[in-house]
Amino acid sequence: MKKYVIIGNGAAAVGGIEGIRSVDKDSPITVVSKEPCHVYARPLISYLLEGKTDLKRMLYRPEDFYDKNGVTVLYGKSAEKIDPASKKVILDSGEELSYDSLLCATGSTPFVPPTEGLESVPKTHSFMTLADAQALEADLSPETNVFIIGAGLIGLKCAEGILERVKSVTVCDLAPRVLSSILDDDCAGYIQRKLEEKGVKFLLGDTVKRFDGTTAYMQSGAEVRFDVLVTAVGVRANISLVKDAGGECTRGIVTDEKMSTTLNDIYAAGDCAESFDITSEQRKVMAIMPLAYMQGHCAGVNMAGGEEKIDNALPMNSIGFFGLHCMSAGTYSGECYEERGEDFIKRLYTDGGFLKGFILIGKCDRAGIYTAMIRNKTPLKEVDFETLKKDPALAPFGSAYRKSKLGEAV
Amino acid sequence: MKRVYVNEKWCLGCRLCEYNCAYANSGESDMVKALRGKKIVPNIRVEQDGDINFAVNCRHCKDPICVKSCISGALSIEDGAVKVDHDKCVGCLTCVLVCPYGCIREGKSGAVTKCELCLNNSCGEPACVKGCPNRAIIFEDRG
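Those sequence lines, one after another, are chains F and W.
If you're matching positions, the first sequence starts at 18 in our numbering and goes up one per residue.
If you're matching positions, the second sequence starts at 582 in our numbering and goes up one per residue.
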């Protein structure tokens, strides 16, 4: 019997539990959960405020998940320190948990930039956790003017989630465009117009110089009056536990293909971890939920003595605003193939005979065929890419490929 | 487990599988009522490659990337089959972004729709296979 400890209770932790249990059915697993609740789907908090899901439906795993998997969850407790020499985790309550194998799935924390006068703002919120969403909701009414700092995925999903419930939503960002981490100017403009049509107001390429109560004085000279402030500038990986224990960290916890840190018997997964992006060929924190789960699963399998590795990770996102879907994957380098129409944009990026990335807005059917080509590094010369670039399908892969995928168990 | 397999040499490209799928998953007891004048969103689709036709539906992969990627917990594996909980799904389409076979699509309700081997509708066995006139799709255990 081994003793497994997982710090964190999000998607990476669930991956860890399911990964461990795919190899080791019996050994005890202890989860340290700072949040006092069953694991829920974090990106769904905007859907919760929009009324498109509820607390029960947004559970990431069924209510009997921990019981069925023999997991003890320590709710409302946080890890203060890892002692790798004695293989112990010390909790804020003073308790000590000894482990044979440890998974650090500590996620990230919203970063709030220091701004003059911020402390004078009466109602400020982050938008990361269920508790954040519930606290924000309590401050909303049809008369509320909301000011969101940050036009990234979190800020814009927040805007969509609350728009119908408040008087106005204004979003500012230092970047000159929305979703600056995943879109270029052109595609970002398309999404921005959609949000503007629905009533969201934007101040882009602008930042708050100082706050005075419920007024924001912008660098541009503009003034924004608001009732509620939401800060969604970005997040920082929670690396301190591993860093303080002597593990190598950069912006995230450094991991190898097995999600092992540089410390013995300590693994890391999810938004706290840094891993290799095959499309940019760089190590980075790719804070996306599917990868968090997969990294957790990979760590779990290895913790339990099995073998799994992740050598095909890439950044990717699927996000929708008011029914307009936007997908992105990989890196936008090399040659660009573009199609566009009234209601869609399609961009495929090829480099060195491989598909490296894409942006699809408004027309996303079967996009996974492209994603798999990036992930699998499918040589373009082995497929009929001229046909494929117009419509993702299996026909352009040829009959041998189809036979192996459609005629056999995969 | 039993899955749906394709024999593309025998496919006539008649698309009956698409209609039978849409009917089986419509909840209607009358095929005309289920399909007439409606835009169908079947979970199986016929593709063409020159003279060759073949039908594509969920492979019910042994290690399904869609389930691993689902951000809401709506996709799960039940006795080897990948199923979707339409109440939990918020239609983010992350599964569409990752399915290598393009076999999950946005449904009419906003939630995604995919082949569940007709295990969760009144048909009880894959309607596409049952109605295929030329055995170009078959439901059997190949491991």
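A virtual CB, placed ideally from N, CA and C, is assigned to each residue, including glycine.
As the structure is a computational prediction, the values presented were derived from the model and not from experiment.
Please confirm whether F:Ala58 has its beta-carbon closer than 8 Å to some beta-carbon of chain W.
Here residue 58 of chain F corresponds to residue number 41 of the first sequence, with the count starting at 1. At least one chain W Cβ lies under 8 Å of F:Ala58.
Please tell me whether F:Ile431 and F:Phe144 are closer than 8 Å, where the distance is taken between their beta carbons.
The structure shown has nothing for residue 431 of chain F, since chain F only spans 18 to 427.
What three-state label does DSSP hand F:Leu280 in the structure shown?
Your numbering for residue 280 of chain F matches position 263 in the first sequence. It is coil, neither helix nor strand.
Excluding the 5 residues preceding and the 5 following W:Arg626 in the sequence, name in chain order all residues of the same chain whose CB lies nearer than 6 Å to its CB.
Position 45 of the second sequence, counted from the first residue, corresponds to residue 626 of chain W. Val637, listed in sequence order.
Anything in chain W within Cβ reach of F:Ile386, meaning under 9 Å, just list it in chain order.
Walking along the first sequence from the start, residue 386 of chain F turns up at place 369. Per Cβ cutoff of 9 Å: Cys680, Pro681, Tyr682, Gly683.
Can you grab the Cα-Cα spacing for the pair F:Val40 / W:Glu721, in whole Å?
Residue numbering aside, residue 40 of chain F sits at position 23 when the first sequence is read from its first letter. Residue numbering aside, residue 721 of chain W sits at position 140 when the second sequence is read from its first letter. So the alpha carbons of these two residues sit roughly 28 Å apart.
Using a Cβ cut-off of 9 Å, pull out every chain F residue sitting near W:Arg596, in sequence order please.
Sequence index remark: in the second sequence, residue 596 of chain W carries index 15 (1-based). Per Cβ cutoff of 9 Å: no residues; W:Arg596 is ~15 Å from chain F at best.
Do F:Thr348 and F:Thr279 have their C-beta atoms within less than 8 Å of each other?
Here residue 348 of chain F is taken as the residue at index 331 of the first sequence, counted from 1. Here residue 279 of chain F is taken as the residue at index 262 of the first sequence, counted from 1. No, the pair does not count as a contact, with Cβ atoms beyond the cut-off.
Compute the distance between the beta-carbons of W:Tyr586 and W:Ile719, then report whether it is under 8 Å.
Here residue 586 of chain W refers to the residue found at position 5 when the second sequence is read from its first residue. Here residue 719 of chain W refers to the residue found at position 138 when the second sequence is read from its first residue. Cβ distance < 8 Å, so W:Tyr586 and W:Ile719 count as in contact.
Name, in chain order, the residues that DSSP records as bridge partners for F:Phe144.
Counted from its first residue, the first sequence places residue 144 of chain F at position 127. Beta-bridge pairing links F:Phe144 to no other residue.
Is W:Gly688 close to chain F? Criterion is C-beta to C-beta, closer than 8 Å.
Counted from its first residue, the second sequence places residue 688 of chain W at position 107. It does not: the Cβ of W:Gly688 has no partner Cβ on chain F nearer than 8 Å.
Between F:Ile327 and F:Met276, is the Cβ-Cβ spacing less than 8 Å?
For this step, residue 327 of chain F is matched to residue 310 along the first sequence. For this step, residue 276 of chain F is matched to residue 259 along the first sequence. Contact flag set, yes.
Helix, strand or coil: how does DSSP classify W:Gln629 here?
To locate residue 629 of chain W, count along the second sequence from 1; it is residue 48. Correct three-state label for W:Gln629: strand.
Give me, in chain order, the residues of the same chain whose beta-carbon lies closer than 7 Å to that of F:Pro53; leave out the 5 immediate sequence neighbours on both sides.
Indexing the first sequence from 1 puts residue 53 of chain F at position 36. Excluding residues within five positions, the ones whose Cβ falls inside 7 Å are Tyr92, Gly93.
Look at F:Ile166 and F:Ala239 and say whether their C-beta atoms are less than 8 Å apart.
If you number the first sequence from 1, residue 166 of chain F lands on position 149. If you number the first sequence from 1, residue 239 of chain F lands on position 222. Not closer than 8 Å, so no.
Do we get a CB-CB distance below 8 Å when we pair F:Leu147 with the residues of chain W?
Position 130 of the first sequence, counting from 1, holds the residue named residue 147 of chain F. Judged by the 8 Å Cβ criterion, F:Leu147 is not in contact with chain W.
Compute the distance between the beta-carbons of W:Gly683 and F:Gly337, then report whether it is under 8 Å.
The residue labelled residue 683 of chain W in the question sits at position 102 within the second sequence. The residue labelled residue 337 of chain F in the question sits at position 320 within the first sequence. Taking 8 Å as the Cβ cut-off, W:Gly683 and F:Gly337 do not qualify as a contacting pair.
Return helix, strand or coil for W:Met612, following the three-state DSSP convention.
Counting from 1 along the second sequence, the entry for residue 612 of chain W is found at position 31. In this structure, W:Met612 counts as helix in the three-state DSSP scheme.
Measuring only between beta-carbons, confirm whether W:Asp630 sits less than 8 Å from chain F.
As a working mapping, residue 630 of chain W is identified with position 49 in the second sequence. With 8 Å as the cut-off, W:Asp630 counts as an interface residue toward chain F.
On the CB-based measure, 16 or more other CB atoms within 10 Å of its CB, does W:Val613 come out buried or exposed?
Here the question's residue 613 of chain W lines up with position 32 in the second sequence. It counts as exposed.
Inspect the beta-carbon positions of W:Arg584 and F:Ala426 and report whether they are closer than 8 Å.
Residue 584 of chain W sits at position 3 when you count from the first residue of the second sequence. Residue 426 of chain F sits at position 409 when you count from the first residue of the first sequence. It is a contact, given that the beta carbons lie within the stated cut-off.
Can you tell me which of the three DSSP states F:Ser63 falls into?
Counting from one through the first sequence, the residue named residue 63 of chain F turns up at place 46. Correct three-state label for F:Ser63: helix.
Can you grab the Cα-Cα spacing for the pair F:Ala28 / F:Leu66, in whole Å?
Looking up residue 28 of chain F in the first sequence gives position 11. Looking up residue 66 of chain F in the first sequence gives position 49. Cα to Cα, F:Ala28 sits roughly 21 Å from F:Leu66.
Within a Cβ cutoff of 8 Å, which residues of the same chain sit near F:Pro396, ignoring the five residues on either side of it in sequence?
Against the first sequence, residue 396 of chain F aligns to sequence position 379. Answer for F:Pro396: Gly370, Phe371, listed in chain order.
Is any heavy atom in the ligand COA found nearer than 7 Å to the beta carbon of F:His142?
The model depicted lacks the ligand COA and carries no ligand whatsoever.
Using a C-beta cutoff of 8 Å, does W:Arg584 count as contacting chain F?
Taking the first residue of the second sequence as position 1, residue 584 of chain W is located at position 3. It does: the Cβ of W:Arg584 has a partner Cβ on chain F nearer than 8 Å.
Would you list, in chain order, the members of the region 366-395 of chain F that have their beta-carbon closer than 7 Å to a beta-carbon of chain C?
The structure shown has no chain C; the protein chains it does contain are F and W.
Once DSSP output is grouped into helix, strand and coil, what is the label at F:Thr132?
Taking the first sequence and counting its residues from 1, one reaches residue 132 of chain F at position 115. Three-state DSSP puts F:Thr132 in coil, outside helix and strand.
Would you call W:Phe635 buried or exposed, if buried means 16 or more other Cβ atoms sit within 10 Å of its Cβ?
Within the second sequence, numbered from 1, the residue matching residue 635 of chain W stands at position 54. Buried is the call here.
Within 10 Å of its beta-carbon, does F:Gln299 have 16 or more other beta-carbons around it, so buried, or fewer, so exposed?
Working through the first sequence from its first residue, we reach residue 299 of chain F at position 282. Exposed.
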